[in-house]
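Everything below concerns the one structure shown next.
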Amino acid sequence: MKYIDEFQDPELARRLLDDIHSTVTRPWALMEVCGGQTHTIIRHGIDQLLPEQVELIHGPGCPVCVTPLEVIDKALEIASRPEVIFCSFGDMLRVPGTGRDLFQVRSEGGDVRVVYSPLDALRIARQNPDREVVFFGIGFETTAPPNAMTVHQARRLGIPNFSLLVSHVRVPPAIEAIMSAPNCRVQAFLAAGHVCSVMGVGEYPELAERFRVPIVVTGFEPLDILEGVRRTVLQLERGEHTVDNAYARAVRPEGNPAAQAMLEDVFEVTDRAWRGIGVIPDSGWRLSPKYRDHDAEYRFSVDGIQTREPAECRSGEVLQGMLKPHECEAFGTVCTPRTPLGATMVSSEGACAAYYLYRRLDITTAAREASPVV
Amino acid sequence: MCLAVPGRVLDIEERDGTRMATVDFGGVVKEVCLEYLPDLQVGEYAIVHVGFALQRLDEESAKQTLELFAQLGMLQEEFGDPWEQAAEAGGATPPVGDAVIEEVRK
């Protein structure tokens, strides 16, 4: 248990781990949905502290990673226009599109700005009435309500030069797609805590029942993850498949009804392509027709973009839990955070970035062992 | 970006018909929209994501989380200069004078 002293409460961590070790009798494969959870797991070596029979599979819950290449290319195209101020969260700056990224667009003269909140972008639109301000609206159920509120405010305050380039995604259809895949190995889910802070747990019982799969709502801190794994394994060993909330301090069963109401007003459910995975039915949101004036896709003609995904990037398999990052041939050689092939290597929640950041020594050692010359 | 951080409400005001708060995230202070938690009061803690309070949190859990995030450098990741971070990761020079970030920081 080499990392356990770094836990916030090492004694509690030890008790949870002992409990997990004494409960497990068979191999189980658990998927943590959220990229933030993946980083906690790798950073603290939680996967190495667990019994060998418990495998953690990293899921598709990094919003930056799953934003389709086509949308990234549309963003790059819009951001390059002289009349546009393009606003984005910082995570998107180095996500590779076909041949370049937002960082390069800015160095080529594009007016790309980083904001902390979508409301900052709305303020920029107000201050620059002669420019078009476009906000890059990506993310899951946690980010969609802030973006929905911003569009709602733009309309209420009469700010016509603000629009949203929308690529929002939803977790439950992704779980459905993963469980429906013929080669699916996932036997239980650690559901993303903050998504449930907004949406509650109401979407999960039907999935848990239909696929006979335990779904445990889990937080992001090391002890949260251990508790989530403990409860999941307990269900699996007992042959149960219910929805359990291991993050009650931040998740109420009903979620945040005000945020849900705004989502329903501003967005409508649509099929959405996930980068590296493909189209998942009903897995996304787009602006509803009454907010179409604020939809950047309608305002700017960006159809007919030709995308080109690097052939050697296997991030789609990583996102679906079919491949661990270090099993990709390009990992750590052709593909590094400085020269990323896919978004999973640059995003702060990307699985490849997590392996690269926290397993650097292992990578070097493995490379040396593989090479007879060094 | 997906990270949501607990913060403590310092004060609340109505602006353009919107309920806004100043929120302290372990020393970093930012403006936060309270429209999704309209009954949140000064002194209370909430989970905040991209400038929006999304759910109440008790003080003890909030403080523990903030302490942990600070130890792990995650607050710097969330609130630091994104151009610098992107440049560092990519081995390039960050563009200078991002007026927006300066303004947002203020």
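Just so you know, the sequences run in chain order W and F. Read in order, the letters of the first sequence are residues 1 to 374 in the numbering used here. Read in order, the letters of the second sequence are residues 1 to 106 in the numbering used here. For every residue, glycine included, the Cβ atom is placed at its ideal position computed from N, Cα and C.
Linking D120/W to V71/W through their CA atoms gives a straight-line distance of about 22 Å. Judged by DSSP secondary structure, C352/W falls outside any beta strand (DSSP E) and instead within the alpha helix (DSSP H) spanning A351 to Y358. V213/W has its alpha-carbon roughly 25 Å from the corresponding atom of G350/W.
Counting along the chain, the unbroken alpha helix (DSSP H) around A87/F starts and ends at P82 to G90. Among the residues facing chain F, R15/W is not included, as its CB has no counterpart in that chain under 7 Å away. For S80/W, the secondary structure class from DSSP, reduced to helix, strand or coil, is coil. Considering only E32/W, H194/W, A343/W and K290/W, the residue with the shortest C-alpha distance to I277/W is A343/W. Under the 10 Å beta carbon count, E141/W is surrounded by 16 or more other beta carbons and is classified as buried. Burial is judged here by how many other beta carbons sit within 10 angstroms of a residue's own beta carbon; N147/W has at least 16 and is buried. Under the DSSP assignment, N245/W falls in the beta strand (DSSP E) whose first and last residues are V243 to N245. Cβ neighbours of G219/W within its own chain (closer than 6 Å, five residues either side excluded): G193 and Y247.
Look at the stretch 206-231 of chain W: the residues with a C-beta under 7 Å from a C-beta of chain F are E221.
For D11/F, the enclosing beta strand (DSSP E) has its first and last residue at V5 to R15.
The Cβ of Y36/F sits closer than 7 Å to at least one Cβ of chain W.
Per the DSSP secondary-structure output, G278/W pairs in a beta bridge with W274/W.
Two segments are said to touch when three or more pairs of C-beta atoms, one from each, lie closer than 8 Å; by this definition the stretch 317-336 of chain W does not touch the stretch 292-301 of chain W. According to the DSSP assignment, C34/W belongs to the beta strand (DSSP E) that extends over W28 to C34. The contact set of D58/F on chain W, defined by CB atoms closer than 9 Å, consists of R249 in chain order. A direct Cα-Cα distance of roughly 20 Å separates G90/W from I47/F.
Residue burial annotation: T25/W is exposed, with fewer than 16 other C-beta atoms found within 10 angstroms of its C-beta. Here the C-alpha atom of V28/F lies approximately 19 Å from the C-alpha atom of D58/F. For V48/F, the uninterrupted beta strand (DSSP E) segment begins and ends at Y45 to H49.
An exposed status is given to N128/W, since fewer than 16 other beta-carbon atoms sit within 10 Å of its beta-carbon. The distance from the Cβ of A273/W to that of P68/W is about 4 Å, consistent with a contact at the 8 Å cut-off. Close CB contacts of F331/W within its chain, under the 6 Å cut and outside five residues either way in sequence, are with P325 (chain order). Put simply, the CB of V114/W is near chain F, with a gap under 7 Å to one of its CB atoms. Here V33/W is buried. Its C-beta has 16 or more other C-beta atoms within 10 Å. Closest option to C335/W, judged by alpha-carbon separation, among V166/W, Y356/W and S348/W: Y356/W.
Shown here, Q41/F sits in coil according to DSSP, grouped into three states, outside any helix or strand.
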